[in-house]
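The listed protein sequences derive, respectively, from chains A and R. Numbered as in the working numbering, the first sequence ends at 289 without a single skipped number. Numbered as in the working numbering, the second sequence ends at 289 without a single skipped number.
There are 2 protein chains.
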Amino acid sequence: MTFQDRLKSVAAEVDATLETYFNAPAEPLEDAMRYAVMGGKKLRAFLVVESCALHGIKHQEALKAAAAIECIHAYSLVHDDLPSMDDDDLRRGKPTVHKAWDEATAVLAGDALQSLAFLILGTLDVPSDRIVQAVIGLATDAGKDGMVLGQARDIAAESADAPLSLEAITALQAQKTGALIRWSATAGPTLAGDDVAPLAAYATALGLAFQIADDILDETGDEAKIGKRLHKDADAGKATFVSLLGIKGAQDMACALVAQANDALCIYDAQADGLRDAANFVISREH
Amino acid sequence: MTFQDRLKSVAAEVDATLETYFNAPAEPLEDAMRYAVMGGKKLRAFLVVESCALHGIKHQEALKAAAAIECIHAYSLVHDDLPSMDDDDLRRGKPTVHKAWDEATAVLAGDALQSLAFLILGTLDVPSDRIVQAVIGLATDAGKDGMVLGQARDIAAESADAPLSLEAITALQAQKTGALIRWSATAGPTLAGDDVAPLAAYATALGLAFQIADDILDETGDEAKIGKRLHKDADAGKATFVSLLGIKGAQDMACALVAQANDALCIYDAQADGLRDAANFVISREH
Numbered sequence: 003m004t005f006q007d008r009l010k011s012v013a014a015e016v017d018a019t020l021e022t023y024f025n026a027p028a029e030p031l032e033d034a035m036r037y038a039v040m041g042g043k044k045l046r047a048f049l050v051v052e053s054c055a056l057h058g059i060k061h062q063e064a065l066k067a068a069a070a071i072e073c074i075h076a077y078s079l080v081h082d083d084l085p086s087m088d089d090d091d092l093r094r095g096k097p098t099v100h101k102a103w104d105e106a107t108a109v110l111a112g113d114a115l116q117s118l119a120f121l122i123l124g125t126l127d128v129p130s131d132r133i134v135q136a137v138i139g140l141a142t143d144a145g146k147d148g149m150v151l152g153q154a155r156d157i158a159a160e161s162a163d164a165p166l167s168l169e170a171i172t173a174l175q176a177q178k179t180g181a182l183i184r185w186s187a188t189a190g191p192t193l194a195g196d197d198v199a200p201l202a203a204y205a206t207a208l209g210l211a212f213q214i215a216d217d218i219l220d221e222t223g224d225e226a227k228i229g230k231r232l233h234k235d236a237d238a239g240k241a242t243f244v245s246l247l248g249i250k251g252a253q254d255m256a257c258a259l260v261a262q263a264n265d266a267l268c269i270y271d272a273q274a275d276g277l278r279d280a281a282n283f284v285i286s287r288e289h
Numbered sequence: 003m004t005f006q007d008r009l010k011s012v013a014a015e016v017d018a019t020l021e022t023y024f025n026a027p028a029e030p031l032e033d034a035m036r037y038a039v040m041g042g043k044k045l046r047a048f049l050v051v052e053s054c055a056l057h058g059i060k061h062q063e064a065l066k067a068a069a070a071i072e073c074i075h076a077y078s079l080v081h082d083d084l085p086s087m088d089d090d091d092l093r094r095g096k097p098t099v100h101k102a103w104d105e106a107t108a109v110l111a112g113d114a115l116q117s118l119a120f121l122i123l124g125t126l127d128v129p130s131d132r133i134v135q136a137v138i139g140l141a142t143d144a145g146k147d148g149m150v151l152g153q154a155r156d157i158a159a160e161s162a163d164a165p166l167s168l169e170a171i172t173a174l175q176a177q178k179t180g181a182l183i184r185w186s187a188t189a190g191p192t193l194a195g196d197d198v199a200p201l202a203a204y205a206t207a208l209g210l211a212f213q214i215a216d217d218i219l220d221e222t223g224d225e226a227k228i229g230k231r232l233h234k235d236a237d238a239g240k241a242t243f244v245s246l247l248g249i250k251g252a253q254d255m256a257c258a259l260v261a262q263a264n265d266a267l268c269i270y271d272a273q274a275d276g277l278r279d280a281a282n283f284v285i286s287r288e289h
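Laid out in structure tokens, this is it:
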């Protein structure tokens, strides 16, 4: 199976897992939540599943942890797209939740997706102390010292007097997108009570490579393929890895980071090839 | 000590507990979070503390559980006040978060308060399986089958063709405000692994009495004392307990519910007097 096929296969399994947490018939609130969380590449879910396989977590429990992180990721997109935030009408080629429903529903669907993430984590069939570690980690990585802080700093950067430096952008992105990628890639050792250091190192490099690739796509990508509005940061005069390093410099940095991510996997054998493929995918993807 | 003094004392202790989870110096995001969660009556926190004392949970751990539920309550108020939701400028006599900062900060501060609630729960020094039960309970009561569902249904009721029936309002309020009150009042037995039934019965009656009292205050209260805009539901033509039962009928129902709440406490001795006082307070308060 190619990497793309395995990614799709995990995405389908995670969507099926998510489905079990929704009621039928659904309230409009739940329809909006499902709309937001179903579909998409589900790269974070893939990282969770591969990380769990490396550390002996049962596949079914890995899928639940994967479903949890995708709920957090989906909620962050729904809220980021709001008019008072990034004001986006399109996401994954479809109208954003506040366009398909309304702003109140988007706020509430995002809120309930965050709750659902912690509910799903709570239902994992692993020792309770491992669940607690995973909850603490997710609450930290998603919250005021992780993803939300990165988002708040990103918004503040829009009205700052000067564009951010390379160092400041790197720190900001480590929070905004890096924190959830780190949680995902370290889910296996966290839930198994093993050492998270190698996968944390992998994730730190991968997260940054991912964001640099995003900035490159924002500059060179095809809006129709990507399914969202592009060139927004550049139009807003915000610093990006491309504006600071140029396309070539950004590509070189992303490649170096992917090599670094793969180096961090050296203690794992061929079982970690899924994570190696994911790292290579991150800088070669077209959407 | 009078009930009011004990309520104030718990509120101060919970604020001090919350303070330990914030960084100094704080980001603007954290300033907004602190602004939203500090102060207020902290009735839910009081219920947690009393419930925990009845079931032998250490006071310091009870304060953490109380801090967690107040983070959820505060986040729900910040998001409910947004222009796309209830559009309120005033809360507890102060500008709402989106007025004091901006809408994006209000969305993000609410999001991060929800994460913080689960982080704080994760740090409780009780057996891990009890923490997991508390996490599952909070994620359920706060999410798409609890508080957020109630809020979504409340908003939908505004544009419905006909006002809600007494039965429908009772069900809606059991979710919107009842779910968090139930979690609070049952926190002690949940964290101790004891039977939650008596306190759940207490909380169900109390939660409804609380909402009826709120509707009465909305009709008869003093805007300056309460610190928020009143008569909104009536002005919007929405059904309330007062519009359905009249002031006298609503008062009678609230009194009967408080008696019912106190009956549910019959298995507890004088140690439960704090919860009895809380029930009486709920229908006698002026704000």
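For glycine and all other residues, C-beta sits at the position ideal for the given N, C-alpha and C.
- Under the Cβ distance rule, Glu15 of chain A does not count among the residues neighbouring chain R, no pair being separated by less than 8 Å.
- Residue pairing of Leu92 of chain R in beta bridges, as defined by DSSP: R:Pro97.
- Around Gly124 of chain A, the beta-carbon contacts reaching into chain R at under 7 Å are Val134, Val137, Ile138 and Ala141.
- For the C-beta of His233 of chain R, not a single chain A residue is nearer than 8 Å; the gap to the nearest is close to 21 Å.
- At a cut-off of 8 Å between C-beta atoms, Phe120 of chain A counts as an interface residue with respect to chain R.
- Taking a cut-off of 8 Å on C-beta distances, the stretch 123-133 of chain A does not touch the stretch 96-110 of chain R, as fewer than three cross pairs fall below it.
- The stretch 127-136 of chain R makes no contact with the stretch 173-180 of chain A: fewer than 3 CB pairs, one atom from each, lie closer than 8 Å.
- Relative to the Cα of Ile218 of chain A, the nearest Cα in the group A:Ala274, A:Ser286, A:Leu9 and A:Lys96 belongs to A:Ser286.
- In the DSSP annotation of this structure, the continuous segment of the alpha helix (DSSP H) that includes Lys250 of chain R starts and ends at Phe243 to Asp265.
- Nearest neighbour of His75 of chain A by Cα position, chosen from A:Cys54, A:Gly42, A:Met87 and A:Trp103, turns out to be A:Gly42.
- Close CB contacts of Thr98 of chain R within its chain, under the 7 Å cut and outside five residues either way in sequence, are with Asp83, Asp90, Asp91 and Leu92 (chain order).
- For Ala114 of chain A, same chain residues with a beta-carbon under 7 Å away, outside a window of 5 residues either side, are Leu31 and Met35 in chain order.
- Its chain contains Pro165 as the residues whose beta carbon lies nearer than 8 Å to that of Gly239 of chain R, once the 5 sequence neighbours on both sides are disregarded; these appear in chain order.
- Here Asn25 of chain R carries a coil assignment [DSSP, helix/strand/coil].
- Annotation: Gly95 of chain A to Asp17 of chain A spans about 18 Å, alpha carbon to alpha carbon.
- If you draw a straight line from the Cα of Trp185 of chain R to the Cα of Ala199 of chain R, it is about 12 Å long.
- Annotation: the continuous alpha helix (DSSP H) that includes Tyr77 of chain A extends over His61 to Asp82.
- Interface residue (Cβ-Cβ distance to chain A less than 8 Å): Ile71 of chain R is not classified as such.
- As the crow flies, the alpha-carbon of Val12 of chain A is around 22 Å from that of Ala211 of chain A.
- Counting only the Cα atoms, Cys73 of chain R lies some 12 Å from Phe24 of chain R.
- Judged by their CB atoms, Gly145 of chain A and Ser53 of chain A are not nearer to each other than the 8 Å cut-off.
- Only those residues of the stretch 152-175 of chain A whose C-beta falls short of 8 Å from the nearest C-beta of chain R are listed: Gln153, Ala154, Arg155, Ile157 and Ala158.
- Shown in chain order are the members of the stretch 72-83 of chain A whose Cβ falls below 7 Å from a Cβ of chain R: His81.
- Less than 8 Å separates the beta-carbon of Ile183 of chain R from that of Gly209 of chain R.
- Here Ala55 of chain A really is in contact with Gln273 of chain A; their C-beta atoms are around 7 Å apart, less than 8 Å.
- Chain order gives no chain R residues near Gly180 of chain A, where near means a beta carbon separation below 7 Å; the closest approach is about 16 Å.
- Taking a Cβ-Cβ threshold of 8 Å, the residues of chain R close to Ser130 of chain A are Pro129, Ser130, Asp131, Ile133 and Val134, in chain order.
- Looking at the backbone, the Cα of Phe5 of chain R and that of Lys44 of chain R are separated by about 13 Å.
- Here the alpha carbon of Gln116 of chain R sits roughly 34 Å from the alpha carbon of Leu267 of chain A.
- Here Leu140 of chain A is actually not in contact with Asp156 of chain A; their C-beta atoms are around 20 Å apart, not less than 8 Å.
- Residues of the stretch 92-115 of chain R with a C-beta atom less than 9 Å from some C-beta of chain A are His100, Asp104, Glu105, Ala106, Thr107, Ala108, Val109, Leu110, Ala111, Gly112, Asp113, Ala114 and Leu115, listed in chain order.
- Here Asp237 of chain R is exposed, its C-beta having fewer than 16 other C-beta atoms within 10 Å.
- Annotation: the continuous alpha helix (DSSP H) that includes Ser130 of chain A extends over Ser130 to Ala144.
- Using a Cβ distance threshold of 8 Å, Leu49 of chain R and Ala187 of chain R count as a contacting pair.
- Ranked by how close their Cα comes to the Cα of Asp88 of chain A, the residues A:Leu247, A:Tyr270 and A:Leu232 have A:Leu232 in first place.
- Taking the CA atoms as reference points, Glu160 of chain A sits about 9 Å from Asp235 of chain A.
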